[in-house]
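Heads up, the thing below is written out as structure tokens.
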Amino acid sequence: MEDELIKNIWAKTLDILKDTILQTTYQTWIVPLVPHSFEENCFCALTGQNLAVQILQKNQKDISKALSQICGKDVYFKLVYDEELHKKLEKEKQKNKKEEEKEFIKNLEKRITTTKYDGLKQMQSDCNLNLKYNFDNFVVGANNKFAHAVAMAVAKDPGKQYNPLYIYGGSGLGKTHLLQAIGHYVMFHKPQLKVKYIKSEDFINDVVTSIARGMDKANNKNNKIMNEFRQRYRSLDILLIDDIQFIEGKARTEEEMFNMFESLHNSGKQIVLTSDRSPDKFATLPDRLKTRFQMGLLADIQVPDIETRMAILTKLAKDNNVQMPADVIEFLASIYNKNIRELEGAFNTISAYTSINELPVNIEIVKKIINYKENRKTVTVEGIIEIVASHYNISVEDIKSTNRSAKTANARQSAIYLAKEMTGESYPYIGNCFNRKHTTIMYSYDKVKSDIKTDRQLAQDIKELTDKINE
Ligand code: ADP
Ligand code: MG
196 MEDELIKNIW AKTLDILKDT ILQTTYQTWI VPLVPHSFEE NCFCALTGQN LAVQILQKNQ
256 KDISKALSQI CGKDVYFKLV YDEELHKKLE KEKQKNKKEE EKEFIKNLEK RITTTKYDGL
316 KQMQSDCNLN LKYNFDNFVV GANNKFAHAV AMAVAKDPGK QYNPLYIYGG SGLGKTHLLQ
376 AIGHYVMFHK PQLKVKYIKS EDFINDVVTS IARGMDKANN KNNKIMNEFR QRYRSLDILL
436 IDDIQFIEGK ARTEEEMFNM FESLHNSGKQ IVLTSDRSPD KFATLPDRLK TRFQMGLLAD
496 IQVPDIETRM AILTKLAKDN NVQMPADVIE FLASIYNKNI RELEGAFNTI SAYTSINELP
556 VNIEIVKKII NYKENRKTVT VEGIIEIVAS HYNISVEDIK STNRSAKTAN ARQSAIYLAK
616 EMTGESYPYI GNCFNRKHTT IMYSYDKVKS DIKTDRQLAQ DIKELTDKIN E
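Just add 195 to wherever you are in the sequence shown, counting from 1, and you've got the numbering used here.
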């Protein structure tokens with residue numbers, strides 16, 4: 196039969212199917228079908244989607260019925276998977292995606308042609324920002340509400356209140372995201388201001404290279420190079436420094452940071468810092484820097500509760516056009532409960548895997564993809580000894596030996612305490628693992644248990660180790 200006629204029959208059939216088949220099935224699986232041939236009483240259509248043949252089996256009768264109605268005789272509907280069509284669809288998908296991206300960048304560029312920057316790329320490389328992080332896609336929950344509100348206030352009115360703003364919290368909780376969101380906001384709304392985002396490691400490198408370059412030259416040029424370095428930072432209106440904790444213990448960097456801070460702050464320039472800890476938790480950072488960090492406003496970000504984690508996933512799914520059922524969202528939010536970076540990583544893996552393999556997103560498939568075991572990893576005494584040893588940079592043998600150096604003895608006591616707390620094994624069993632009598636184990640356990648109430652450093656160490664062991 197002629198192609199035109201076949202197409203015509205199919206178009207009329209679609210009109211009927213539109214009202215008789217579930218809307219989502221119709222849109223996802225039926226609309227993309229391509230009518231192919233009509234021989235004898237068999238109407239054949241092609242699909243480029245692996246799963247369509249299987250999924251449309253239950254609609255086979257409905258489709259045949261609609262075809263029969265249009266043709267006025269009994270017609271049998273047959274669906275065939277076609278590899279070529281599959282490839283074509285994939286290509287189109289890629290092309291659409293690229294075009295969407297292009298369109299997005301174009302729109303952005305339009306918005307910023309009025310600024311002093313020469314196009315988006317230039318602007319971002321001048322400010323060192325990543326477009327992925329902005330206020331629009333930051334989900335606000337009880338855990339970050341305060342930090343979000345003050346970050347927004349600073350972005351709207353930099354240098355006026357809350358200077359410096361110091362944001363702190365655990366890894367993967369959104370500090371970098373908020374910091375860069377401030378940068379983007381200012382870049383778009385106050386393009387005349389000079390913004391710079393910098394990781395503290397890069398600042399350290401900058402200090403080190405400037406010193407080295409100064410030493411290379413004749414002595415009298417040393418000052419010139421350091422002055423250039425200082426000028427680079429002091430000409431900024433807003434300085435965003437990420438992960439400030441890394442400067443601790445680097446005396447020259449601490450000094451340069453202090454001077455830079457004073458100079459920017461005194462001239463009303465905005466400084467925003469992030470860190471994995473509050474200023475008072477630094478062990479050796481000079482007091483004058485600590486007090487500077489504390490003189491504006493401190494805002495912490497906590498671990499998000501399950502509702503916020505679900506909201507983040509829902510937003511990710513929506514922004515990426517991924518159909519993710521509610522039970523999958525709840526499941527993922529419940530297991531990735533400490534770190535949004537990991538939650539996002541799992542989401543990306545799942546959406547990539549299911550889209551490449553054309554699989555639906557459901558709990559069974561998701562569990563397989565993320566390799567989820569119902570019984571999560573069991574914690575063993577030996578495993579704990581290994582983690583503690585590597586944490587303190589000593590060997591497993593040291594821990595089990597009679598070595599009494601303070602470092603080894605402390606590590607050993609922490610390991611014993613954690614072994615008892617986390618495995619629930621008996622004292623004699625744990626004694627065996629450490630080559631010690633069970634009374635020694637009991638003594639060590641009790642000692643650490645009471646010491647952590649007063650020794651903050653120890654408490655912090657134990658918390659860190661517990662997290663590592665649970666990882
Ligand atoms: P940190 O700097 O605290 O280690 P990041 O800012 O790098 O964490 O966040 C890790 C990932 O989680 C990023 O991809 C970030 O976009 C995302 N993320 C964190 N918090 C949120 C939030 N509230 N809403 C949306 N995405 C978030
Ligand atoms: Mg970060």
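No residue lacks a Cβ here, since even glycine has one placed at the ideal position from N, Cα and C. Note that this is a predicted model, so its numbers are computed, not measured.
- ILE579 is not a Cβ neighbour of VAL591, given a cutoff of 7 angstroms.
- Put simply, of PRO353, ASN516, ALA342, GLU620 the residue whose alpha carbon is nearest the alpha carbon of GLY369 is ALA342.
- The bridge partners DSSP lists for GLY364 are ILE496.
- Counting along the chain, THR242 sits inside the beta strand (DSSP E) bounded by residues 237-242.
- Taking all protein chains in view, the Cβ of CYS237 is surrounded by fewer than 16 other Cβ atoms within 10 Å, so the residue is classified as exposed.
- Under the 10 Å beta carbon count, ALA494 is surrounded by 16 or more other beta carbons and is classified as buried.
- In the DSSP assignment, LEU435 forms a beta bridge with TYR392, VAL467.
- Excluding five sequence positions before and after VAL229, the CB atoms of its chain that fall closer than 7 angstroms to its own CB belong to ALA240, LEU241, LEU280, given in chain order.
- Per the C-alpha coordinates, the member of ILE558, PHE456, LYS253, TYR361 positioned closest to THR215 is LYS253.
- Proximity of the beta carbon of LYS533 to the ligand MG is not indicated: no heavy atom of the ligand is located closer than 6 angstroms.
- The criterion of a C-beta distance shorter than 7 angstroms is satisfied by VAL334 and ILE507.
- Residue pairing by DSSP puts VAL229 in a beta bridge opposite LEU241.
- In this structure, ILE564 sits away from TYR587, with a CB-CB distance that is not shorter than 7 angstroms.
- Under a 10 Å Cβ-count criterion, GLU449 is classified as buried, with 16 or more other Cβ atoms of the shown protein chains found around its own Cβ.
- Here GLU451 is buried: its Cβ has 16 or more other Cβ atoms, across all protein chains shown, within 10 Å.
- A buried status is given to GLY243, since no fewer than 16 other beta-carbon atoms sit within 10 Å of its beta-carbon.
- The continuous beta strand (DSSP E) containing LEU274 extends over residues 271-276.
- Pairing PHE233 with ILE211 gives a Cβ-Cβ distance that is not under 7 angstroms.
- No heavy atom of the ligand MG is found nearer than 6 angstroms to the CB of THR618.
- In the three-state DSSP reduction, GLU423 falls in the helix class (H, G or I).
- Taking 7 angstroms as the cut-off, the beta carbon of ALA610 is found closer than this to the beta carbon of VAL583.
- Assignment of GLU234 by DSSP, reduced to helix, strand and coil, places it in the strand class.
- Contact between ILE466 and PRO359 holds: CB atoms are separated by about 4 angstroms, below the 8 angstroms threshold.
- When distances are taken from the beta-carbon of LYS370 to the heavy atoms of the ligand MG, the shortest one is below 6 angstroms.
- A Cβ-Cβ separation of about 7 angstroms places ASP437 in contact with SER395 under the 8 angstroms criterion.
- Shown here, PRO474 sits in a helix according to DSSP, grouped into three states.
- In the same chain as VAL226, and ignoring 5 residues on each side of it, no C-beta atom comes closer than 7 angstroms to its own.
- Within the model, the alpha-carbon separation for PHE453 versus ARG483 is close to 8 angstroms.
- Of all alpha-carbon atoms in GLN249, ASN630, TYR361, the one lying nearest the alpha-carbon of MET490 is that of TYR361.
- Following the DSSP letters along the chain, one finds LEU326 in no alpha helix (DSSP H), marked with neither H nor E.
- Taking non-hydrogen atoms of the ligand ADP into account, the C-beta of SER366 is found less than 6 angstroms away from one of them.
- Not one heavy atom of the ligand ADP is found less than 6 angstroms from the C-beta of ARG504.
- The DSSP-derived three-state label of VAL583 is helix.
- Shown here, VAL591 sits in a helix according to DSSP, grouped into three states.
- Rounded to whole angstroms, ILE496 and ASN566 show a C-alpha spacing of 29 angstroms.
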